[in-house]
Every structure is written in C-alpha cells, then in structure tokens.
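Remarks on the structure that follows.
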Amino acid sequence: MMKNATLLFGLALAAFTLPTGLQAQEAFGLKQQNLDNPENTPKPVFPVPSARQLKWNETEFYAFFHYGMNTYTNAEWGDGSEDNATFNPTAAPNPRQWLEAAQKAGMKGGIAVVKHHDGFCLWPTKTTDHHVGNSGTTYGSETNIPRDFAKAAEELDMKYGFYVSPWDLNSAYWGEKDAEGNYTDNYTKKVFFEQCAELAAYGNKQFEMWFDGATGGDHRGYYGGANALRTIDNAQTYYDIPNLRDSIHNSCPDIILWGVGGEARWIGNEAGWAGETNWAMGDREYGNENGWQWHPGESDAKGTSHGWFWHEGESVKSAETLFKMYLETVGRNATLILNLPPDKSGSLPAATVTRMEELGALMTQRLGTDLAPAATVTASETRTAGRTVSYAAQNVTDGNKDTYWATNDGTIQASLTFTWDEPQVVRYVSMMEFIKLGQRVKKFTIETSEDGVNFTPRATNIAQTTIGYKRIIPLNGNTSNSYGDGFRAKALRITINDSKACPLLHTVSIY
Ligand code: FUL
C-alpha cells in the first residue's frame with residue numbers, strides 16, 4: 004500500500020516536472036522554432052552573389068581615369084605604332100589628385116586605365132619595351148601609375164583597380180596564328196597573363212579589373228610591324244578566362260573581373276542610365292528576372308563632353324547632369340563608373356575638381372540627411388523571430404546592413420509605414436534588399452500622407468518594379484532637376500505588391 008502511494012506520487016511529480024514536446028522546447032527557450040533552422044532564416048532565392056560580388060556592389064559610385072598615350076596624340080584609339088617618347092607629361096602625373104577629386108564627389112574608389120588598346124603600359128612592365136620607363140621624357144620615365152594610384156587610394160581609404168586592355172595593337176603576338184591557321188597562345192601566356200600578374204602585385208585590396216570587349220575588327224594595328232587588320236573569334240577561349248580568373252583571385256581575392264571576366268556586366272550603354280526594372284541576373288540595361296547567374300550591372304559613362312581621353316576643349320558635365328546619372332544608375336541597381344580624364348599635365352583640370360566639389364555638395368544636400376531613423380516604423384507583417392535573430396521593421400533604420408525586415412514564408416505582399424511625430428518634407432526614398440539571399444522584389448508602391456491617415460501614391464510614372472542592391476525613387480517622379488519642393492508627410496508607406504518569395508529589406512532611407 005505504502006509502496007503504491009510512493010509510486011503514484013512519483014509518477015504525478017514526473018508528469019509535472021518533466022515536460023514533453025512543446026513544453027520541453029519552451030523550457031529550452033526554443034518556442035515553436037524549427038530545430039533545423041533555429042534562426043528561422045529565409046531560404047535563398049537563387050542565384051545569389053559571391054562574397055566578392057557583394058563587396059564590389061558596396062563600392063556603388065567610383066571614378067574612371069583614362070590617361071595614357073592617347074592624351075598626347077589627341078586620339079581615342081591609338082594603333083600601337085606610337086613612339087614611347089610621345090608620352091611626355093608636362094608635370095609629374097598625380098593620381099592622388101585624381102582620387103581626391105573623386106572622393107569629394109562622394110565616390111568610394113577609382114579605376115585607372117594603365118594600358119589602352121594601343122598597348123602602351125603606364126608602368127615599367129617586363130612584358131614589352133612599349134612602356135613609360137622607355138619614354139625618355141623628363142616626367143614620362145618616372146611615371147608609374149599603378150604604384151602611385153594604389154598608394155594614394157590606400158592612403159585615402161578608397162577602393163582601387165586597373166583597366167588593362169586585353170586587345171593590344173602594339174604586340175606582335177596579338178591575334179598571331181601558326182602555320183595551320185590556329186591562334187597561338189603567345190600573347191595570352193607571355194604578355195596578357197603576365198601583365199595582369201604584375202598589376203595584381205600592386206596591391207591585394209583591388210576591387211575590380213576592367214577588361215573592355217574590343218576584339219580587333221576593322222581597326223588597323225601596328226602588331227610589331229605587321230601593320231595589319233587582325234581579329235580573334237572568341238575572347239573567352241583566346242584569353243583563357245577561367246584560368247585568368249583563378250590566378251588573379253589567388254593573389255587578389257576581392258577583384259571582380261569585369262566584362263569578359265564574367266563577374267559583372269556592361270549595362271548596355273555609355274550614357275549613364277540603367278533600366279528602371281533591373282535584375283542582377285541576365286544582360287544589359289534590364290537584366291533578366293530568370294537569369295541563372297549573378298551578373299550585376301555597371302554603367303560606364305563619360306563625365307566630360309567628348310572623349311574617354313582628354314582632348315583640347317574638353318569640358319566637364321554639370322553637377323545636375325551628373326546627379327541625374329547617379330540617380331539613373333546607382334538609384335537603379337547598377338554601379339556607376341564615371342570617367343574623368345587627366346590632361347597633359349597628368350592631373351585633372353581645375354574645372355573638373357571644382358565640379359566634383361559641387362557634385363559632392365549636391366549629393367549631401369539631397370541625399371545627406373536621412374529622416375527614416377527618426378520615424379516609428381511598423382510593418383503589416385513581421386517574420387517570426389529566430390532564437391537570436393529578429394526580423395523587425397526597425398531593422399531597416401538601424402544602420403546595420405546585416406539585419407533586415409522580413410515577412411513569413413508565403414507572404415509576398417506587405418507594407419512598411421514610417422511615421423514622424425511632426426510632418427517632414429520628403430523628396431527621395433532609397434531602399435536596399437538583403438541580396439545575400441537573392442534579388443526578390445518585383446513590384447512596389449510608395450505613398451505619402453499628410454495626416455497619417457489618407458495616403459497618396461507618388462512617382463507613379465516611374466516603374467516601381469525591382470529594388471535589388473539599391474533603388475532610389477525621386478518622389479516627384481523626375482530624375483532631372485528633381486529637387487523640387489518635396490511633399491509634406493506625417494507618414495510614408497512602402498508596399499511590396501509582388502516578390503519572388505518573402506521580401507527582405509535591410510535599409511530604407513528617406514530624404
Ligand atoms: C571601350 C574602349 O574601346 C573605349 O576606348 C573606352 O576605354 C571604353 C571605356 O571601353 O571598350
């Protein structure tokens with residue numbers, strides 16, 4: 004009898020103190036989480052960017068500097084026959100001055116052309132005699148652009164990289180064929196790979212190497228004295244791109260090989276615009292929603308009136324025009340590489356420097372004061388938190404790109420509302436997706452409300468489709484001279500209307 008009572012009491016106690024199932028999970032603080040995915044992390048939507056592509060995208064706005072033999076021959080494309088002594092700077096070339104000007108405009112880096120199609124190298128290369136060291140001119144012989152450019156960029160805490168033309172109109176090896184009519188690998192092995200390796204040695208913090216797509220055609224070249232028309236049929240195989248990519252990444256892990264390198268794409272024009280709808284997959288201005296490879300767009304555009312290289316009478320575009328280009332590229336999920344050509348002195352003309360200061364001031368005036376962190380942010384739905392990770396609406400204004408707002412799986416329509424204590428004047432909205440898990444958003448709308456109750460859609464003439472790395476919407480729907488009076492708003496609402504999967508936004512800024 005006594006024995007049975009003890010047993011019963013023991014069983015009752017066990018039932019009370021040893022919870023099972025849900026109770027046990029709660030006891031361990033797991034609530035209803037899936038044990039395989041304790042943070043409730045959303046599944047990626049493929050393709051996703053590589054780590055180096057993500058870092059590259061963060062560079063956003065950077066400069067292009069076309070300087071070299073063409074600066075002294077008034078050409079855009081030389082033919083490779085130019086004499087070394089023609090490279091004759093009237094002062095010591097000053098890449099630090101180039102980068103300082105770019106930094107004043109808000110750019111985070113720069114790419115220097117160190118060899119254009121004419122083949123003249125702006126560093127003392129071992130691969131050819133056609134280089135600065137043999138120019139014999141006062142400042143020419145001392146010039147070493149990659150060395151000075153990399154040093155200045157590191158000092159200024161800017162990202163840097165080099166444009167090295169695969170096409171080489173000076174080299175006897177370029178496009179050379181053997182007796183059977185097959186291309187030899189002399190150029191790729193003895194010249195191009197070696198030049199890329201020499202350049203990679205100028206600093207392992209390089210973020211991009213720029214390879215133009217020119218492949219010969221109807222432009223006559225010197226080619227070591229052959230004076231011929233030459234062409235290659237397939238740049239990918241001729242330049243042995245997969246091998247080149249691997250060898251460069253071994254020494255410079257963060258370099259994106261642009262263009263023929265396959266890691267970022269040409270935006271399809273050189274006028275400084277990307278599609279309003281722009282996917283990071285696919286090609287050209289608009290990309291492709293269903294592209295299988297992460298292939299983000301870069302827009303290369305001239306900051307001056309005429310050439311990529313400096314010419315007599317070259318003038319710099321207005322700050323307003325450059326700001327429009329910024330909105331239509333960086334503001335549309337592309338990066339912008341803006342060309343600023345140094346003149347014969349090896350420095351940027353004073354007018355270019357002044358214009359960059361003006362552009363910087365305009366950028367600060369228009370996109371410098373973010374009103375979003377002062378707002379209360381609410382969401383129509385917030386994804387169930389993980390063990391340590393929250394997907395709360397406030398994540399979009401915490402200044403941390405690693406935290407984001409998300410909805411639950413299956414919810415592809417949702418809104419975020421920003422409300423201020425006092426009405427604000429708003430003009431631009433900038434949104435950034437958490438693209439580490441893929442580009443998702445296909446359609447959205449932005450509305451403002453003066454009273455916090457009645458909302459009016461804004462910028463309805465603009466395709467409010469993709470977001471991607473970054474999308475900036477001028478609320479008056481105008482990318483040119485779009486400053487305007489702005490809208491008085493007690494609240495602003497962003498509604499995602501369609502998305503490939505649950506939307507993930509890591510930052511929203513309102514100006
Ligand atoms: C092109 C080149 O042919 C132009 O001269 C210029 O360098 C431009 C940025 O890329 O492929």
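Numbered according to my numbering, the sequence shown terminates at residue 514, and the numbering increases by one at each position without gaps.
No residue lacks a Cβ here, since even glycine has one placed at the ideal position from N, Cα and C.
Asked, Found
"Could you compute how far the alpha carbon of residue 201 sits from the alpha carbon of residue 212?", "13 Å"
"If you measure between the beta carbons of residue 289 and residue 278, is that distance less than 8 Å?", "yes"
"Between which two residues does the beta strand (DSSP E) carrying residue 339 extend?", "337-342"
"Classify residue 155: buried if its beta carbon has 16 or more other beta carbons within 10 angstroms, exposed otherwise.", "buried"
"State yes or no: is the C-beta of residue 337 within less than 8 Å of the C-beta of residue 315?", "no"
"Residue 3: buried (16+ other C-beta within 10 angstroms of its C-beta) or exposed?", "Residue 3 is absent from the model: the chain starts at 4 and stops at 514."
"Just to confirm the assignment, what range does the beta strand (DSSP E) spanning residue 425 have?", "417-429"
"Along the beta strand (DSSP E) that carries residue 210, what are the first and last residues, could you check?", "209-213"
"Suppose you measure from the CA of residue 445 to the CA of residue 63; what does that come to, to the nearest Å?", "22 Å"
"So, do the stretch 428-443 and the stretch 499-507 have three or more beta carbon pairs nearer to each other than 8 Å?", "yes"
"What are the start and end residues of each continuous beta strand (DSSP E) run of 3 or more residues lying completely inside the stretch 79-138, in chain order?", "112-118"
"What is the residue span of the alpha helix (DSSP H) that residue 147 lies within?", "It is not in any alpha helix (DSSP H) - residue 147 carries neither H nor E in the DSSP assignment."
"Between the C-alpha atoms of residue 499 and residue 45, what's the straight-line distance to the nearest angstrom?", "17 Å"
"Determine the direct distance from the alpha carbon of residue 236 to that of residue 255, and round the result to whole angstroms.", "29 Å"
"Short of 6 Å in beta carbon distance, which residues of its chain neighbour residue 418, apart from the five on each side in sequence? Order them along the chain.", "383, 496, 498"
"What are the boundary residues of the beta strand (DSSP E) that residue 167 is part of?", "162-167"
"Classify residue 151: buried if its beta carbon has 16 or more other beta carbons within 10 angstroms, exposed otherwise.", "buried"
"Does the beta carbon of residue 216 fall short of 7 Å from some heavy atom of the ligand GDP?", "Inclusion of the ligand GDP in the displayed structure is not the case, the ligand content consisting of the ligand FUL alone."
"Exposed or buried, what is residue 129 when buried is set at 16 or more other beta-carbons lying within 10 Å of its beta-carbon?", "exposed"
"May I have a chain-ordered list of the beta strand (DSSP E) segments no shorter than 3 residues that lie completely inside the stretch 179-236?", "209-213"
"Could you check the C-alpha separation between residue 475 and residue 482 for me, to the nearest Å?", "10 Å"
"What number of angstroms, rounded off, separates the C-alpha of residue 416 from the C-alpha of residue 470?", "15 Å"
"Which of the three DSSP states is assigned to residue 557 in this structure?", "Limits of the chain in this structure are 4 at one end and 514 at the other, which puts residue 557 out of reach."
"Report all residues from its chain with a CB closer than 8 Å to the CB of residue 342; omit the five preceding and five following residues, and keep chain order.", "66, 67, 68, 69, 303, 304, 305, 306, 307, 311"
"Excluding five sequence neighbours on each side, which residues of the same chain lie with their C-beta closer than 8 Å to the C-beta of residue 478?", "429, 430, 431, 432, 449, 451, 461, 462, 489, 490"
"Just to confirm before moving on: does the CB-CB distance between residue 101 and residue 345 stay below 8 Å?", "yes"
"For residue 266, count neighbouring Cβ atoms within 10 angstroms of its own Cβ and tell me buried if that reaches 16, exposed if not.", "buried"
"By Cβ distance below 6 Å, which residues in the same chain neighbour residue 28 in space, the five residues on each side in sequence not counted?", "With a pLDDT of only 47 at residue 28, under the threshold of 50, the placement of this residue in the model should not be trusted, and no figure is reported."
"By DSSP, does residue 305 sit in helix, in strand, or in coil?", "strand"
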